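There are 2 protein chains.
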Amino acid sequence: MAGKGILYGLGTGPGDPELVTRKAWRLIEEASVIAYPSAEGGDSFARSIIAEAIAPDVIEIEMPVPMVSGRAPAQAIYDEGASAIRSHLEDGRDVVVLCEGDPLFYGSFMYLLARLRDDFETQIIPGVTSMTACAAAHNHALVARSDVLTVLPGTLDDDALTARIHDTDAVVIMKIGRHLGRLRDLLMRLGLAEQALYVSHASLPHEKALPLSQAPDQAPYFSMILLYKGNDPWI
Amino acid sequence: MAGKGILYGLGTGPGDPELVTRKAWRLIEEASVIAYPSAEGGDSFARSIIAEAIAPDVIEIEMPVPMVSGRAPAQAIYDEGASAIRSHLEDGRDVVVLCEGDPLFYGSFMYLLARLRDDFETQIIPGVTSMTACAAAHNHALVARSDVLTVLPGTLDDDALTARIHDTDAVVIMKIGRHLGRLRDLLMRLGLAEQALYVSHASLPHEKALPLSQAPDQAPYFSMILLYKGNDPWI
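Below is the structure:
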């Protein structure tokens, strides 16, 4: 890998530009090539978080990920992105890939890593996840002492969710979006709705931190449910 | 709460001073009172991470947590610490409490929060957890797409661990310490040892990132096992 550039997978944290790590900020300021996914036809959330740190003459590789079902269209975009990144790395230029939250925690960075890590030195810069930022929004322990924590995608069906919620102490439900109503009904049936917390856009000016019972009917993409099942965790 | 100081619970991240967020660093630089737990008779890991940012004339509240079993001795130390913090807050001085990793992710900060949050404005500054720093040490996705992630304390017995490992896609085992040998044997019996990764002191100069099969027989306190059970998560 001598003479080749380094591939950085860099977590930009949950949204507040001040919740970016010092290392990530420095690497972005020093970067000559950055790459990031964006919603097709829209902005890149990851880029918006660190926009202030980007040097004026930087080369930008945007990967407009199509918001359609099925994996093939997105994978084609990552193929293209990886190919553009590859040519910079081959020429000896480092490439910093921006990822909201942490690159290895439900991040799309893995698609680029899969395509490039065998051929180039890779370094991951971990970031603050939305999960702990959501707990911070409520000033409530996410998980304590010897608790078991389970992170569940809201897309699972009710039976799968019920079994896993039964078997743990603290629960984070991600990817809730249009499933919010169903998830709230489920937690009510399980007698757990009272303890459940809702957060959207954690750490951003328009953050919402509410009891789940007061959450809106439709949840945005950047939202989460936190549930602490144990007794008061404060003692 | 007018005229009173603000209580900050501040995550210092996994160990590398550059993996502290910009916000945490700024708050420490500006702090006139900081508080932190330390191992009784030893250093404070949280303080060591941000030592460079501490102003020379800062007031420091050290809470030497006894390393003995049973909760009472530690709780007495948190009582004392909370009382010292309380008098600064009453006098209108902000207090920044340092916590390695994230304050609400298995953090001892909850003990102070429990004692103080009803009387003072509290703000949590989330930090990078050791969990994602350990995944970064291996350049390996912690969890991807619609996976279920389960975080388990290594102190659970084999049956409890087996049931939960069976029911999830990705596993983090924390608090492994003297349980490492037993945990490795268990994962071997479950046919999962090959996929398991070991990390200690993530992000520090003496970080060790090894396949679990090559891990030492005794794990230090700051160590973890990561297990990805799914198929190759890279596609």
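Taken in sequence, the protein lines are chains W and G.
Once you know that position 73 of the first sequence is 61 in our numbering, the rest is easy, because the numbers rise by one and skip nothing.
Once you know that position 151 of the second sequence is 139 in our numbering, the rest is easy, because the numbers rise by one and skip nothing.
No residue lacks a Cβ here, since even glycine has one placed at the ideal position from N, Cα and C.
Here the structure is a predicted model, which means the values were calculated and not measured.
Show which residues of chain G have a CB atom less than 9 Å away from the CB atom of P25(W).
The premise fails here: P25(W) is roughly 15 Å from chain G at the closest Cβ pair, so nothing lies under 9 Å.
Given T150(G), which residues of its chain have a CB within under 8 Å of its CB, disregarding the five upstream and five downstream residues?
L174 and L178
Of all Cβ atoms in chain W, is any one closer than 8 Å to the Cβ of V159(G)?
no
Within 10 angstroms of the Cβ of I113(W), are there 16 or more other Cβ atoms? Answer buried if so, exposed if not.
buried
For the segment -6 to 19 of chain W, enumerate the residues whose C-beta is nearer than 9 Å to any C-beta of chain G, in chain order.
G(-3), G(-1), G1, P2, D4, P5, E6, L7, V8, T9, R10, K11, A12, W13 and R14
Residues of chain G with a CB under 7 Å from the CB of A123(W): which are they?
L92
So M212(W) contacts chain G; which residues on that side make the cut at Cβ distance below 7 Å?
Within chain G, no residue comes near M212(W); the closest Cβ sits about 13 Å away, beyond 7 Å.
Could you tell me whether the Cβ atoms of I65(G) and V83(G) are closer together than 8 Å?
no
When you compare the CB of A129(W) with every CB in chain G, is at least one pair closer than 8 Å?
yes
Any idea if G29(W) is buried or exposed, counting beta-carbon neighbours within 10 angstroms, 16 or more meaning buried?
exposed
List, in chain order, every chain C residue whose beta-carbon is nearer than 9 Å to that of P54(W).
Absent from the structure: chain C. Protein chains present are W and G.
Inter-stretch contact at 8 Å, needing at least 3 Cβ pairs: the segment 101 to 120 of chain W / the segment 3 to 10 of chain W
yes
Exposure label - A207(W); buried when at least 16 CB within 10 Å
buried
Below 7 Å CB to CB, which residues in the same chain sit around R14(W) once its five sequence neighbours on both sides are set aside?
none
Comparing alpha-carbon positions, which option in G(-3)(W), D145(W), V131(W) and R105(W) lies nearest S134(G)?
D145(W)
Note down, in chain order, each residue of its chain lying with its Cβ closer than 8 Å to the Cβ of E68(W), except the 5 sequence neighbours on either side.
M51
Can you tell me the Cα-Cα spacing of A39(G) and P91(G), whole angstroms?
18 Å
In angstroms, rounded to a whole number, what distance separates the CA positions of R81(W) and A19(W)?
9 Å
Which stretch, first to last residue, makes up the alpha helix (DSSP H) that contains M119(G)?
S118 to H126
Is DSSP giving G30(G) helix, strand or coil here?
coil
Residue range of the unbroken alpha helix (DSSP H) whose run includes S96(G):
Counting along the chain, S96(G) falls outside any alpha helix (DSSP H), and DSSP gives it neither H nor E.
According to DSSP, what are the bridge partners of V56(W)?
For V56(W), which the question treats as bridged, DSSP gives no partner whatsoever.
Going straight from the alpha carbon of G142(W) to that of L214(W), what length do you get?
12 Å
When the Cα of M104(W) is compared with those of I(-6)(W), K217(W), G89(W) and I37(W), which residue comes out closest?
In the sequence as displayed, the identity of residue 104(W) is Leu instead of Met. L104(W) has its Cα closest to that of I(-6)(W), out of I(-6)(W), K217(W), G89(W) and I37(W).
Do L137(G) and T120(G) have their C-beta atoms closer together than 8 Å?
no
When DSSP labels each residue in this structure, what does W222(G) get in the three-state scheme?
For W222(G), the predicted model reports a pLDDT of 48, less than 50, meaning its position is unreliable; a value from the coordinates is still stated below. W222(G) falls in the coil class under three-state DSSP.
A123(W) versus T0(W), P199(W), D45(W) and I16(W), residue with shortest Cα-Cα distance
P199(W)
By the DSSP assignment, the beta strand (DSSP E) with M162(W) in it spans what residues?
A158 to M162
Going by DSSP, what residue range makes up the beta strand (DSSP E) through A311(G)?
In the structure as shown, chain G starts at -11 and stops at 223, and residue 311(G) therefore has no counterpart that could be examined.
What do you reckon, are the CB atoms on P2(G) and G95(G) nearer than 8 Å?
no
Do E195(W) and A225(W) count as a contact pair if the criterion is CB distance below 8 Å?
The structure shown has nothing for residue 225(W), since chain W only spans -11 to 223.
One or two residues paired with A184(G) in a DSSP bridge:
L215(G)
Can you tell me which of V159(W), S32(W) and Y209(W) puts its alpha carbon nearest to the alpha carbon of L180(W)?
V159(W)
Under 8 Å between C-beta atoms, does G58(G) make it to chain W?
no
Return no unless some Cβ of chain G is closer than 8 Å to the Cβ of I223(W).
Summary for I223(W): the model assigns pLDDT 42, below 50, so the residue's position carries little reliability; its value from the coordinates is reported in the next sentence. Taking Cβ atoms only, chain G reaches closer than 8 Å to I223(W), which makes this a yes.
Return the chain-ordered list of same chain residues with a C-beta closer than 7 Å to the C-beta of P5(W), the five sequence neighbours on each side being excluded.
I37, I38 and E40
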